[in-house]
Every structure is written in C-alpha cells, then in structure tokens.
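Inspection log for the structure reproduced underneath, given as structure tokens.
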Amino acid sequence: MKFKHNVYMLTCTYTVVLHLIVIFWTVTQVCYADNLEPESLSRKVHNIYSIEFKKKEYNVTIPENSIGKTYATPKSYDERIGLDTPMSCNAVFRIISGDRDKLFKAEERTVGNFAFLSIRTRTSNVVLNREKNEVYNFRVKAFVTCPANGSNILHEAECTINLQVLDRNDLNPLFYPTEYSVTIFEDVPVHSSILKVTAEDADLGINGEIYYSFLNSSPYFIIHPSSGVISNVRPLINLGGRELEIIVIAIDRGSAMLHHNHQSSKAKVLINVEKTNLHSPDVYVTTVSSIVIHETTDANRNIYGIIRVSDKDSGRHGDINDVSIVNGDADGIFEITQAKTREEYYIQLKKLVVLANTTNTFNITIRVEDNGIPKRHTSKNVLFTIYTDKQNAPVFTKPLYEVSIPETAPINMPVIRLKVSDPSFGKNALVFLEVVGGNEGGEFKINPDTGMLYTQKYLDAEKTAFYTLTVSAIDQANLGVRKQSSAKVKINVLDVNDNDPIFEQKNITVYINENEKAGTYVTKVLARDKDSGENSYISYSITNLYDMPFDIDHFSGVIRTTTLIDFEVMRRSYQLKVRASDWGLPYRRQTEMEVFVNINDINDNRPQFERVDCLGKVFRQAPIGTDIFTLSAIDFDVGDYITYRLISGNEDGCFNMDSITGVITIGCDLNDIPVSHRYINVSATDGTHFSDEMMIKIDLLRIEHSDALKNGYSSFECHETGVAKKLADILAASEKNNMKTNNEIESNGYFTLTNRYGQNVHKPEFIDFPLTLNVNESLPLGETITRFRAKDRDLGYNGKLVFGISDGDFESVFRVDPDSGELQLIGYLDRERQEDYVLNITVRDLGQPPKSDSKMLSVNILDVNDNPPIFQKPIIRLHLPENTKNESQVFCLNATDADATVNAQISYGIKSDTRNFAINSTTGCLFLINLLDREKQNEYELQIFAKDGGVPSLSAEALVSIIVDDVNDNAPVFGIQEIIFKVREDLPRGTVVAKVEANDFDIGINSEILFSIKDDTTNSSTFKIDKYSGIIMTQNYLDYEKQQIYNLVVTAVDCGTPSLSSDMPVVIEIIDVNENRYAPEFDDYVYIGKIKENEPKGSIVRSVTAKDLDTKGPESDISYYIRGGDGMGIFSITDKGSIRTLSHLDAESKNFYWLTVCAQDQAVVPLFSCTQVFIEVEDVNDNVPLTSQPVYYPHIFEGSNAHTLIIRLNATDDDINKLTKISYKIVSGNPEGFFEINKETGKK
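Using full-length UniProt numbering, read the sequence shown as starting at 1 and increasing by one per residue.
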C-alpha cells in the first residue's frame, strides 16, 4: 500500500514549538451490513421519482418450431428491452394479456443498473407454427421494489411486446395431384408445352419458392424450373405407341441452396405418345405403254396395271382407306380391285365394257388415301394404250400325255416333249411352259422353250408309283391379256429291283429244351422288300457251312429242328445265318441275319449205382461208428445233386448211412444182434428221379483168431454196372461237340454272300472319253452329238451302268441316253446366251452302295450374228458432286454385243441436246465439259445410244440421269457472334439454362447440325448440351462463391463429309443467391465482465463467442465488432471475440460500462446478431486518505488539562469501496508524548 504523508505544524504561544506528524491510513474490513453501501456505487433514492420502460412497445422475433426455453430476440439488435433500476431495486415481469395459449413466459434478469425483460417459450411441449399464427401481441407489466427509509416502495410499469414467429423451412413442397397423365401425338412440334405440374409450399420467402427438375434426365423432355411446364426438345416421331414415365422432383429454394434433396417431393408423369399420320401413302404403278387384247376376249378380267401401295406409318395410320380413279376415266370403264395381298391392287376394265376402237389411250389419275387422322392421300398419273387384237390360247397336241420311266432314271433325264401351238402372231405366239401342279416334291422340271420335261430328282417307285403333272402353257402377250391352257402328264414310275430284302430284326436269340422231337418249332424270321411284283418275293435259307440240326421253310421263314437234340452229348448253342433273297430280275438281291439258338438242359436222367448186388461181411467186434461201406451213384444230367437213403432193414438202428456221402457206419453193438445176417435196401435220388432199389446183404461174423482183423472189420463184394464208363464217354462226346475247330473259329461256321455276284468292288470307267466338242448354235434338235462308252468289271447290278448329265447343263439343251450313252441335242443353242458348256458326264452302277465315275466335257458353241448391242445398264442414275472439275470423267457406259468380229464393234453417241456433257464414241465414257451449279440445275437426263458395225447395224439406247449432289461447302452459321445467359446459382441439376441455334445453307445430311461443348476441364462436369437441339443444361450444382462466370465454347458441326464446324462463345453468368441462411447466434443475450481498475491498457476483460449454423465457408466465418454502448472507445474486441481495454480505467470516475457487441458472418450479404455486455470496473485501493486542509494551525492554552480537545481532523478517501474505514495516528513531532489522537474519530 502506498502512503502519502502530510506534515502539519502546530504553533503555540509558548516559545517551544511542537512539530507533530499525524499519519492516516485506511483499513479495509469485510462488512455485510446493507447500510454500508458506498456513496459512489449508488444513487440516492428519492421519495419522488418514477421507473418506466425505455419504450412503450418492443418488437421481437422467435423461430417457429422452437424448443422449450427458446428466447425471443429484439428486431433492433442494439436495443435493450427492460428498464433502468437502481442497483438496490428488485424487478419482476409478468405477461398480463395476449398469451391465451400460455406459450410464452416473461423472465427478468438484472445486470448492473438494468433489469432485462426476456420472452421465452415455456418448457412444456410448445409448438410454434407460423402457418397457424404468425404474430403474438401481449402486455407485460414490471413490478419494481426499491428500499427507502427502512421500507420498500413498489413501482409498476407496462409495455407492449409484438412477437413475430419467423418462418423455418419445415414444410416440403406438395404435389397435387401426385400423378399426371397426358396423351400427345408423335408429330407434336419441338418446344411444345406438354404438361404443367404444380406443387405448393406453405413456407415463406425462398422457403416457399419451388424449383422443379427431373429425377432422371430425359433426352426428349425438359421442365422449366420455376413454372413446372414440361416441353419436348426433340421430335417424338419414333416414340409413337410408347408410354414414357418421368419422375418430377419439387424442392423449395431453401433446400435447393443446401442441395438437400431429402426435402423434395415427387410426382409421376405419364406421357402417352400416340402414333399419328405422318406420311402420305407411297404409290408405285407397274404397267406397260401398250397392251394388246383380242376384240372377242373377255378383257374385263385382264390386269392393265398393278398398283402397289405402302405407308410408312403403322396402325390405322398405315392402313389404306381408298384407292380410286379420280381423273382420266370420264366414261367410268375402269375399276380398282383388291389383289390377294393387302398392298396390291389391279387396274381392270369393268364388266360388260367393250372397247370399240382399235387403239385406246388412257391417262388416268390414281388417288390413294390412308385411314389415318388426319387422312393423307397421294395421286399418281398412269398412261397406257390398249390395242384390240385377235388372240388365241395355246393348244397342246394332247389333253393327256402318258409315259413310263424306270425309277433308276438319272437326274436331268428327258421324260417327254410337250408340243404346243399358238395361232396368234408376234409375241402373242410365244409360249412359256411351266409345271403348275402335281410336282410338289420338285421331281420334275420343264424347259420353257422346248417343252421337254426332265427329271430333277431321283425317283423311287416304292414311294410314288406315278405322277400326274399339270403343265401350263402361257403366251407372251401383254400383261392382263395373256392366254393360257394346260395339259395333264401321267408319269408311271417302273419298279426296278433296287432294294434289298430287310429283316425285321438284325439278330434274335431263342431258347429250346433238349429231347424235343424232330420238327419242333424254333422261331420264325420275316423279311420285307420295298420293291413290287416279283422283285418283292422273298425266299429264305440257312447258309451255315456245317450241318446244323435245323431247317428253314423257304417261303414262310419258319425254323424247325431236324433231329432230337441231347444237351449232354450235342452242342449246347447254335449260331444260324439266315439269308433272305428276292426274285428280282435280271439279278437277285439278298441280305442275312443271325439267329442264336440256346439249348436248355432238362432233368431227363435218373441216378444209377456203380455197383449192385453187394455181399458184405462184418465182424461183430466192430466198434460203434466204424465205416463199413460207401455207396456211389451217377446221374448223366449236368449239375444234378445226388442224395442217398435207407429204405428198409435198419429198424433197430444198428446201421447208419450218411445221405450226402453214402457212407454206412455201425450204430450199435453187433454182438447184441441175434441173427447171423442182415438185409439193407438203399436208393439214390437227384431230387426228381429215384434210382432202382439196391439190396445189400451183410453177414455178421465173430473173430476166431486175431489174424482176421488184418483187413479191417468189414469186406464187401459187388457187381460193376459200367455206369462210370458210360458217363466218361458222354462227357468226351459233349466236349468234342462243343469245341470249335479252327475253321469254325475263323468263319463262325457260315459264309456271307451279299448278292449272287459278290460285293460292288469296282467303279465304272469311261472308255475313249472326248475332252472337247464343237457344236454350231444352229444345230437342229434331236441330233446325236457323240456317244459315251464305259465299262465295269463287276457283275449283276454292280456292273449295270446308267449314264447321265449331273451338272453343267443349266439350260437343259443336252440329253444322254441312260442306257446307250448317246449325247443328244434337245434344246435350242444360243452362243450369245452361253458360249460354251462344261458338262459333268456321270456313269454309275446299280450296286449297293452305288459307285460312279465322272468326266468333264467342254462343249463350244459356234457363233452366228443375230444380236444387237446391249447396255450393261440401260437406265443409269448417277450422283455428281457440284464441285466436280471440268473435263472430269463422269461415267463409262458399257454396251456389249454377243456377236463376234465386226458385228460386235460398238460406237457411242448422245442423242439428247446438252452443253455440259460429251461422250467418247469408242470407250463410251461420259465427260463434264462445263461446270455444274446445283442451284441452277440439279438434274440432267441424257439419252445415250450404242450401235454395232453390222449391216444393217443394230442399236440400243440407255438413259442416264445425273443428280447434282450438294457439296458440304458451307459451315454452320450462328445467328450471333456471342451470347450471354444469366442464371441463378441455386438452380437444380438438369435445368435448361440456354439454347443455341445455327443454320447450314447446305441440304440433306450436310445441313444436319450437331452441337457440342468444347472440352474444358473446368466446365466439363458443370454443363452439357443436347447435341440435337442445342439446349444447354446443368449437370452439376452451381456455386457463385466458387465461380461466377463460365466461358463455354459451343461447336456446331454438320454431318457432311468432311464435316465443317463453327464455334460460338457462350457466357453464362451466375447470379448470386443469398445462401446465408443463419445469422451468428450468441449463447446469451447479455454477458458480464469484470476488470480491476489498475489493469494495464490492452488487458482482456472477457471473451464472447457466437456460432453460425451455415455450412463451412464465408457464410459461417464470424467477425466481431462493438456497435454501441457507453464503453465505445474505452474497449475494443478482436476477431475472435476477446474484449480488451483501450485506456486506463478509473473506478472512481466510472465503475461500469455497457457495450453492444455484434457478430457478423462474411457472406456477400452478411447477417449479424448482437448481445449486451456489462463490464464492471472493480475498485482498487489506489487513493490515500486526505484531510480537508493540508495544514492546520490550532491553539491551546498552556496549562490545559490532559485530554483537552485541541482539533478534530476530518479525512476522506476517494476509493469507492464501501467497506473502507479511516484510522488516525501521530507519527512524528510528539517526542515527549504531550499529545494523543483518537484513531477512529481524529480528535486530538
């Protein structure tokens, strides 16, 4: 603590002067008495004063949907809502009216000398819905209690609070309806308004403004982001009959700025595209310039023209409604009739119409109308002439022809020549023949010129024994007046023995029992032959080389046994080869099969004993169980099992016999038997048969001396039956009979013979075959040209040869006799039609399978001059670019003359009048001699002739149509040099922001334009352009803060070759949209700060912090500033919200300050909010007590009594701490102690 010393001098009347120094100091005590309030920290409370609100009416706001205990904020941020009160007063606020639903609560908060009034929502489930109630007006009363003279004085004041509920983006846009449907036609013009969707949002401002967009982009449609109008950007021609579904999204702008699609709504739009009548019918009429009919002919049914119609539309729009004659038929003699096909119609004369004139020329107009909506029609002029002339139908020499051919006839074998005559003249007498019936399998064909009928396939009498063909003869009169007649041709196909017999089964296996009688039925085989007559008769035989105990009936195929078969002695299985042979001539055909016969063993033998009539001797001393004799029986059957049994003679059980082994043993003490001998009867059985009973006599003896047991206890003597030897003989015979010899192993005991003469081993061979023949084209029909010879070393059918032409005779002018091999001419030769023939002459045998040989024969046709020149293309349509250089070769016409030498020399010329083209008379090449200009003339028709050098010369004409093609010499042109579009940054993706247009003066594909945006890494992902319509759309979100201007370069390129292009700058300016949705918010509306008065300049008082709910960026970056208050200039605030002092503080001068501190974001349109800061300057004991006067001059009489009051000192301290006390003390000038001072009162 710092002390200041004041020296006071006391002057006395005495000569002695006392110098006293009194020291004053302050003592700070802690005291809580209410009546010790410092003068400087309070104002005197007068009995007469009033406490009022600063304003009678306040405006505050609060967001809707606020949670409990959300405080309303004043609209004027630097305004404090409340009233000034002495610090000793207590204020309470109450809402007295206007809060009918009890939604709000008034709260008081006293800070320093101000009582704040705050309005907040209650803590209960309060929901503020702006759409329900936007403004609340209520009265608030203040009750202020202030102490005065030991009592409290109550003050009251009122104000009006106007509370506005601020809108929050709490509602989504809603579509009504949620589904839209519209039907449009496919020819709707581009940029037509198709449908408008509507959504509503009850929020305010941008929260209630709606943007529309598609969930998925559509190549055909766009939607206006604000109006919701859907329009098409491309033609819908190819979408007829389809239903397109589009999902439209509606999002308010409040969410769009934040790209919150979860707050969007969706609506389904169904666009039904109906097909419309886009195209008029296409009409093609086929007719000839002149038609000849006979005057007595029924001309009404003749076809004078064929109308073919088509319509590119589908459905009813493509159906033809009417085909009629609208002009040129004033007398109404023609009618249009429907053909069998829908697209074809005939022009015919009506019934009973007779043409009186010899020459009748008509120029009629055909009108074809479709059934579309609206109906479209096309007209076509048809010019033709009808000549009435006498005409007769072709006449066959016979109405029915009958012929027989063998089924072995080769392909292309002539069958019969049909002769037809026609008494008409000219081309009406030319007859065309064709097979029109009975030839469904295509077995036959006819030469339309000669009338020769040929085989076209191999015949099979077994499948078809005869054919009845209908051959039609049609004259070559004009279309619609042709005459025809027909004849029947009956063709009998003669059967040839060309089929082998075929068994029903390739092999069979049968089983028979042994010991069956001879002639027992074994099995029956059956074979069939597809041939007919004797060729199909079959006989059977067994072809095994070795004798078999079987025989077969030659006609029925029944196999029987020829002897009794014994399984034990003879073979037990047989493999028979059965052959079936037909009775065909000249050679038989046959085939074979296998029959496996297995012999079944039967039990046909009974057991026989090897020894019989046995006499035995047995000593009585033989112990029980001793073997005395063994029985043995044999059964000739294979595999039989023999058992034995005692029949009689063993009633006492003294002899036992094993039934399996036949061993007889002793079963009792023989000494007990009273008799001297016994008889035992035994037998053997195989389970089915029993052997004869055998008696065994047994003599019972006693041992006289020990030598008697040398040979055992028993001995037997029997007669041998020879059964064992017989069994051995049977086994040997069986083994021999069932053993295969080497020959049998190799040949299986039989031989195979396919036919009577063996296999078809050799193929036919030609003899002295000519390589080339020269034939004059004027050779008459029926002439023999040459004869082919061949040989085959096989016999029978394998050596039977058939000749034919297998290939090369496409004109059917040759015939080879199948038997003799003569080559004959049966059709007219024409060197110009075919200069030579290469015939494939084939010879084949009739073996199975057949073998053949072929030789190529070259036939050269010698020429006569009988043909005019012929243009390769009589009508030529050319396309010539308009920029073709002068003297360029356009096209080379090619005329040929089938004749030779001078008759084939051709010269060319132009018959038409032209100044732009010339032709080379030798080569026929057409040249350009003057430049072309498509805009002046776009098509030329030139008539070109070609004549040969014959006398007289023959000529031909060709028509050359030259279309002048457009050249892609014009690049697309934009209407302007640069275009600027302005768009808002919050538009949804897929929004159309611009449309560019360009024109190309070329035509066709050269004028078709495609648009694109030049590659730019900065803009490629932001915009896209529809290449057909030139519409530029966003494909990403825009952001003004990132980029304000986009410089695009749009390229328009035509579809020509090579393509030409133009560029146009497109500037898209982004219009900023205030995305700053939220202002910074402080945690409290008032803050309290304290600082001691002796703190140095720049000291931090406290920090305040605000939060911004905007997304990270300038909109959420916060800076702070002091907007108002009596502390302006005394304090400052940093960008981080720290409040600092700008100067020294003095609590004795001013002990508190008010600041209005604001927080502001850094958006383009910044938002801010403010709070009140109360700063209290805390007192520090920085002042010394001071007396009222610096020097006192008191007087005292000498001799004054002790404790005489000399002077009262009064000291004061400028510090404002109400707990500070002053004490007094003499510190110098009183060495003798004559004086003293009261330390509390200052009395001396």
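All C-beta atoms in this analysis are idealised placements derived from N, C-alpha and C, irrespective of residue type, glycine included.
query: Helix, strand or coil: which one does DSSP assign to lysine 763?
result: It is coil, neither helix nor strand.
- prompt: leucine 727 by DSSP, collapsed to three states: which one?
  reply: It is helical.
message: Based on DSSP bridge pairs, tell me the residues matched to alanine 1052.
response: Its beta-bridge partners are Phe1011, Ser1062.
message: Less than 8 angstroms between the C-beta atoms of aspartate 500 and glutamine 590, yes or no?
response: Cβ distance < 8 angstroms, so aspartate 500 and glutamine 590 count as in contact.
query: Less than 8 angstroms separating the beta-carbons of leucine 1167 and isoleucine 1091?
result: The Cβ atoms of leucine 1167 and isoleucine 1091 do not sit closer than 8 angstroms to each other.
task: Please determine, among Pro374, Lys275, Arg308, the residue with the shortest C-alpha to C-alpha distance to threonine 287.
output: Of all alpha-carbon atoms in Pro374, Lys275, Arg308, the one lying nearest the alpha-carbon of threonine 287 is that of Arg308.
field: Sequence ranges, alpha helix (DSSP H) only - wholly within the UniProt domain "Cadherin" (54-175), length at least 4
entry: Taken in chain order, the complete alpha helix (DSSP H) segments of 4 or more residues contained in the UniProt domain "Cadherin" (54-175) number zero; there are none.
field: Euclidean distance between Cα positions of alanine 527 and valine 496
entry: So the two alpha carbons sit approximately 18 angstroms from each other.
query: Who are the near neighbours of serine 854 in its chain, counting only those whose CB is closer than 6 angstroms to its CB and skipping five residues on each side?
result: The answer, listed in chain order, is Asn840, Thr842.
- prompt: What do you reckon, are the CB atoms on leucine 117 and tyrosine 136 nearer than 8 angstroms?
  reply: Contact: no.
query: Considering only C-alpha positions, which residue in the set Arg787, Val775, Ala895 is nearest to asparagine 766?
result: The question names asparagine, but residue 766 in the sequence shown is phenylalanine. Among Arg787, Val775, Ala895, the Cα nearest to that of phenylalanine 766 is on Arg787.
- prompt: So is histidine 1203 buried or exposed if we call it buried at 16+ other beta carbons inside 10 Å?
  reply: Per the 10 Å Cβ criterion, exposed.
- prompt: Since lysine 1172 is in the beta strand (DSSP E), which residue starts that stretch and which ends it?
  reply: Per the sequence presented here, residue 1172 reads as glutamine, with lysine not at that position. That run of the beta strand (DSSP E) goes 1168-1178.
message: Can you list, in chain order, the residues of its chain with a C-beta nearer than 8 angstroms to that of glutamine 872? Leave out the 5 residues immediately preceding and following it.
response: Contacts found: Leu893, Asn894, Ala895, Thr896.
field: Inter-residue Cα distance where the pair is aspartate 794 and arginine 844
entry: Between aspartate 794 and arginine 844, the C-alpha separation is close to 12 angstroms.
field: Stretch-stretch touch, CB-based, cutoff 8 angstroms, three pairs: the segment 1209-1216 with the segment 119-130
entry: Too few Cβ pairs lie closer than 8 angstroms, so no.
- prompt: Which two residues bound the contiguous beta strand (DSSP E) that contains tryptophan 1154?
  reply: Run containing tryptophan 1154: 1152-1161, per the beta strand (DSSP E) assignment.
- request: Can you have a look at asparagine 1238 and say buried or exposed, based on whether 16 or more other CB atoms are within 10 angstroms of its CB?
  value: Under this definition asparagine 1238 is an exposed residue.
query: Exposed or buried, glutamine 1160, counting other C-beta atoms within 10 Å across all chains shown (16 or more means buried)?
result: With 16 or more Cβ atoms within 10 Å of its Cβ, glutamine 1160 is classed as buried.
field: Contacts around isoleucine 647, its chain only, beta-carbon distance under 8 angstroms, and the 5 residues preceding and following it disregarded
entry: Apart from sequence neighbours up to five positions away, the residues of its chain that approach isoleucine 647 with a beta-carbon distance below 8 angstroms are Asn681, Val682, Ser683, Glu693, ordered along the chain.
- request: For valine 838, count neighbouring Cβ atoms within 10 angstroms of its own Cβ and tell me buried if that reaches 16, exposed if not.
  value: When all chains shown are included, valine 838 counts as exposed.
Aspartate 863 burial status per 10 Å Cβ neighbour count (16 or more: buried): Per the 10 Å Cβ criterion, buried.
message: Based on DSSP bridge pairs, tell me the residues matched to aspartate 252.
response: Ile210.
query: So what's valine 233 in DSSP terms, helix, strand or just coil?
result: DSSP places valine 233 in coil when its eight states are reduced to three.
field: Any 3 or more C-beta pairs closer than 8 angstroms across the segment 577-591 and the segment 664-678
entry: Between the segment 577-591 and the segment 664-678 there are fewer than three C-beta pairs closer than 8 angstroms, too few to call the two in contact.
C-alpha gap between histidine 677 and threonine 630, whole angstroms: In a straight line, the C-alpha of histidine 677 is about 19 angstroms away from that of threonine 630.
query: So what's tyrosine 454 in DSSP terms, helix, strand or just coil?
result: Residue state, collapsed to three classes: strand.
- request: Mark glycine 1233 as exposed unless 16 or more other C-beta atoms lie within 10 angstroms of its C-beta, in which case mark it buried.
  value: Exposure of glycine 1233 is indicated by the presence of fewer than 16 other C-beta atoms within 10 angstroms of its C-beta.
field: threonine 523 versus valine 558: straight-line alpha-carbon distance, rounded
entry: Put simply, the backbone Cα of threonine 523 is about 6 angstroms away from that of valine 558.
task: Answer yes if the segment 920-931 comes into contact with the segment 971-978, meaning at least three C-beta pairs across the two stretches below 8 angstroms, and no otherwise.
output: Counting C-beta pairs closer than 8 angstroms gives fewer than three between the segment 971-978 and the segment 920-931, which falls short of the contact rule.
Counterpart residues of cysteine 668 in DSSP-defined beta bridges: The secondary-structure analysis by DSSP pairs cysteine 668 with nothing; it has no beta-bridge partner.
- prompt: Which residue's Cα is closest to the Cα of leucine 236: Leu1155, Val723, Val127, Val188?
  reply: That would be Val188, whose Cα lies nearest to the Cα of leucine 236.
query: Of the residues Phe93, Val111, Lys54, which one's Cα is nearest the Cα of isoleucine 1088?
result: Here the closest residue by C-alpha is Val111.
Host beta strand (DSSP E) of threonine 923 (start-end): Neither: threonine 923 is in no beta strand (DSSP E) and is coded neither H nor E.
message: Measuring only the C-alpha atoms, how far is arginine 989 from lysine 1112?
response: Taking the straight line from one Cα to the other gives about 22 angstroms.
- request: Give the C-beta separation of glycine 483 and aspartate 475 to the nearest angstrom, bearing in mind that I take them to be a contact with Cβ-Cβ under 8 angstroms.
  value: This sequence places lysine at residue 483; glycine is not what is there. Rounded, the Cβ-Cβ distance is 5 angstroms, consistent with contact.
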